[in-house]
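Letter by letter, the sequence shown follows residues 0 to 342 of numbering that gives the first Met the number 0.
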Amino acid sequence: MSHHIFRRLLPRPVAVDLGTANTLIYMHGKGIVLNQPSVVCFQKTPSPGAGRVAAVGEEAKQLLGRSPTNLEAIRPMRHGVIADFAAAEHMFREFVEMARLRSVFGLRAEFTICVPCSATQVERRAIREAALAAGAAKVSLIDESLAAAVGAGLPVGEARGSMVVDMGGGTTEVAVVSLGGVAYQGFVRIGGDQFDAAIVSYVRSLYGVVLGDQTAEHVKKTIGSATLDVPTERARAIGRSLVDGLPRTIELSNHDVAEALAAPLRPVVDAIKLALENAPPELVTDIAHSGMVLTGGGALLANLDKRLAEETGLAVRVAHEPLTCAVRGASAAASCVDAASFG
Ligand code: ADP
Ligand code: MG
Numbered sequence: 000m001s002h003h004i005f006r007r008l009l010p011r012p013v014a015v016d017l018g019t020a021n022t023l024i025y026m027h028g029k030g031i032v033l034n035q036p037s038v039v040c041f042q043k044t045p046s047p048g049a050g051r052v053a054a055v056g057e058e059a060k061q062l063l064g065r066s067p068t069n070l071e072a073i074r075p076m077r078h079g080v081i082a083d084f085a086a087a088e089h090m091f092r093e094f095v096e097m098a099r100l101r102s103v104f105g106l107r108a109e110f111t112i113c114v115p116c117s118a119t120q121v122e123r124r125a126i127r128e129a130a131l132a133a134g135a136a137k138v139s140l141i142d143e144s145l146a147a148a149v150g151a152g153l154p155v156g157e158a159r160g161s162m163v164v165d166m167g168g169g170t171t172e173v174a175v176v177s178l179g180g181v182a183y184q185g186f187v188r189i190g191g192d193q194f195d196a197a198i199v200s201y202v203r204s205l206y207g208v209v210l211g212d213q214t215a216e217h218v219k220k221t222i223g224s225a226t227l228d229v230p231t232e233r234a235r236a237i238g239r240s241l242v243d244g245l246p247r248t249i250e251l252s253n254h255d256v257a258e259a260l261a262a263p264l265r266p267v268v269d270a271i272k273l274a275l276e277n278a279p280p281e282l283v284t285d286i287a288h289s290g291m292v293l294t295g296g297g298a299l300l301a302n303l304d305k306r307l308a309e310e311t312g313l314a315v316r317v318a319h320e321p322l323t324c325a326v327r328g329a330s331a332a333a334s335c336v337d338a339a340s341f342g
């Protein structure tokens with residue numbers, strides 16, 4: 000009884016997915032309390048590193064590639080890990096403020112944070128330190144693939160192999176999970192950012208027009224496809240002409256976009272095939288029955304499921320709400336561990 004009253008006064012534990020593209024915070028018993036692009040914008044000052052935060056999240060993303068000279072918009076995460084520590088720390092602190100995680104008495108919450116399997120010890124320490132600086136009382140790290148698998152509803156606790164492919168902004172992680180752990184992990188440094196870049200370079204060489212990254216992302220989301228055999232669809236995009244430097248509107252077809260995406264998709268397909276060749280045979284047999292699940296924003300690329308099914312011969316399913324799988328799973332996994340250790 001008293002235990003319950005005590006717990007009510009404590010801040011609720013939170014799970015954090017500090018992704019290359021998006022940061023999400025999930026409060027236990029409450030749900031998602033923050034979902035913002037991982038972007039922070041600083042006011043430039045003569046002394047480097049002393050800049051004040053001018054905007055964060057959605058507002059800062061609007062300023063990427065179009066910020067005035069006194070502002071600088073930064074994406075502190077690259078390929079799933081912190082690339083700019085000072086910027087990451089500022090961004091994290093702002094997000095924690097926005098999410099109002101502290102209890103009525105201002106007590107700090109415990110954080111469970113997703114980290115990619117590929118993160119080094121130094122990178123893990125950087126995440127921990129950024130979280131402590133942002134106001135975490137205690138930090139635990141959880142394998143992002145495992146969290147994504149839990150969030151996708153896979154039977155991770157069973158003695159049965161499940162495959163999860165998490166495609167984020169700058170990485171794709173392929174994992175085989177079983178008995179609450181990760182039995183095989185592989186990754187490639189290819190995600191949504193590399194798709195956007197492929198569209199930019201394709202349009203540049205085909206039309207002599209340079210698109211901005213956000214325009215390319217928009218094109219990808221509206222008419223992108225992981226397969227070429229799709230009924231024609233078109234979308235307009237405005238870029239800068241290489242000939243005269245003036246704005247030019249071009250009409251792109253989904254076939255153009257699919258062709259542009261073919262190159263960065265290849266290594267993703269190869270990583271999945273490699274996983275099937277190298278994961279323990281019994282688990283691969285399980286996967287042959289159960290198929291694989293796609294999570295992360297990349298799972299929303301049209302026909303990615305179809306393409307991967309064709310390439311592997313397996314059943315492929317896109318998880319429900321793929322963008323939030325990792326943070327939901329991290330929260331669920333953390334509360335399981337809590338329940339187990341407190342009886
Ligand atoms: P991260 O975990 O690295 O922050 P997310 O899982 O949040 O990444 O996914 C973000 C990526 O998903 C971005 O590159 C974004 O462009 C991409 N994405 C989001 N929606 C779609 C869509 N409908 N089609 C293709 N890609 C998408
Ligand atoms: Mg992610």
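The beta-carbon is built from N, C-alpha and C at its ideal position, and this holds for glycine as well. Predicted, not measured: the structure shown is a model, and the values here were computed from it.
Requested in this report: Decide if Ser177 is buried, meaning its Cβ has at least 16 other Cβ atoms within 10 Å, or exposed.
Outcome: buried
Query raised in the report: Which same chain residues, not among the five before or five after Leu300, have their C-beta less than 6 Å away from its C-beta?
Result: Gly223 and Ala225
**Report entry** Close Cβ partners of Tyr201 (< 6 Å) along its chain, the five nearest in sequence each way excluded
**Finding:** Ala259
Query raised in the report: Within the chosen definition, does the segment 262–272 reach the segment 168–186 through at least 3 CB pairs nearer than 8 Å?
Result: yes
Query raised in the report: Would you say Thr226 touches the ligand ADP, meaning its beta carbon is less than 7 Å from a heavy atom?
Result: no
Query raised in the report: Which first and last residues belong to the beta strand (DSSP E) in which Val32 is found?
Result: Gly30 to Pro36
Query - Of the residues Ala262, Ile237 and Leu241, the one placed nearest Leu251, counting alpha carbons only - result: Ile237
Query raised in the report: Should Asp192 be listed as close to the ligand MG, given that the test is whether its C-beta is under 7 Å from any heavy atom?
Result: no
Requested in this report: Compute every distance between the C-beta of Leu210 and the non-hydrogen atoms of the ligand ADP, then say whether any falls below 7 Å.
Outcome: no
Report task. Would you check if the segment 126–143 and the segment 299–319 touch, i.e. whether three or more CB-CB distances between them fall below 8 Å? Result -> no
Query raised in the report: Between Glu320 and the ligand MG, is the CB less than 7 Å from at least one heavy atom?
Result: no
Query raised in the report: Looking only at its own chain, which residues have a Cβ that is under 7 Å from the Cβ of Ala54, when we skip the five neighbours before and after it?
Result: Cys40 and Leu62
Requested in this report: Within the same chain, show all residues whose beta-carbon is closer than 8 Å to that of Asp255, passing over the 5 residues directly before and after it, in chain order.
Outcome: Tyr201, Val202 and Leu205
Query raised in the report: Taking 7 Å as the line, does the beta carbon of Ala325 fall inside it for any heavy atom of the ligand MG?
Result: yes
Query raised in the report: What runs of the beta strand (DSSP E), each 3 residues or longer, lie entirely inside the segment 44–77?
Result: 52–55 and 70–73
Query raised in the report: Start and end of the beta strand (DSSP E) containing Asn277?
Result: Taken as a continuous stretch (DSSP letters only), Asn277 belongs to no beta strand (DSSP E), being part of the alpha helix (DSSP H) at Asn253 to Asn277.
Query raised in the report: Taking 8 Å as the CB-CB limit, is Gln42 close to chain C?
Result: Looking for chain C here will not work: only one protein chain is present.
**Report entry** Cβ-Cβ distance between Thr294 and Pro266 below 8 Å
**Finding:** no
Query raised in the report: How about Gly64 and Gly211: do their beta carbons lie closer than 8 Å?
Result: yes
Query raised in the report: Gly79 to Ala118, Cα distance in whole Å?
Result: 8 Å
Query raised in the report: For Thr119, does the three-state DSSP call read helix, strand or coil?
Result: coil
**Report entry** N- and C-terminal bounds of the beta strand (DSSP E) containing Val155
**Finding:** Unbroken run through Val155: none, as it is neither H nor E.
Query raised in the report: Is there contact between the segment 69–87 and the segment 26–46, where contact requires at least three CB pairs shorter than 8 Å?
Result: yes
Query raised in the report: Looking at C-alpha atoms only, which residue of Cys335, Thr231, Ser334 and Ala329 is the closest neighbour of Ile112?
Result: Ala329
Requested in this report: Please report the residue range of the beta strand (DSSP E) in which Ile343 lies.
Outcome: This structure cannot speak to residue 343, because the chain is shown only from 0 to 342.
Query raised in the report: Ends of the alpha helix (DSSP H) at Ser224?
Result: It is not in any alpha helix (DSSP H) - Ser224 carries neither H nor E in the DSSP assignment.
**Report entry** Assigned secondary structure, Ala98 (DSSP; H/G/I helix, E/B strand, else coil)
**Finding:** helix
Query raised in the report: So, using beta-carbon positions, are Cys324 and Ala147 closer together than 8 Å?
Result: yes
Report task. Pick helix, strand or coil for Met26, following the three-state DSSP scheme. Result -> strand
Query raised in the report: Quick one, are the C-beta atoms of Ile198 and Val229 less than 8 Å apart?
Result: no
Report task. Return the CA-CA distance between Arg188 and Leu8, expressed in angstroms with no decimal places. Result -> 43 Å
Query raised in the report: So the alpha helix (DSSP H) Gly191 belongs to, where does it begin and stop?
Result: Gly191 to Tyr206
Report task. Kindly indicate the opening and closing residues of the beta strand (DSSP E) around Ala174. Result -> Thr171 to Ser177
Requested in this report: Can you give me the start and stop residues for the beta strand (DSSP E) that Val15 sits inside?
Outcome: Val13 to Leu17
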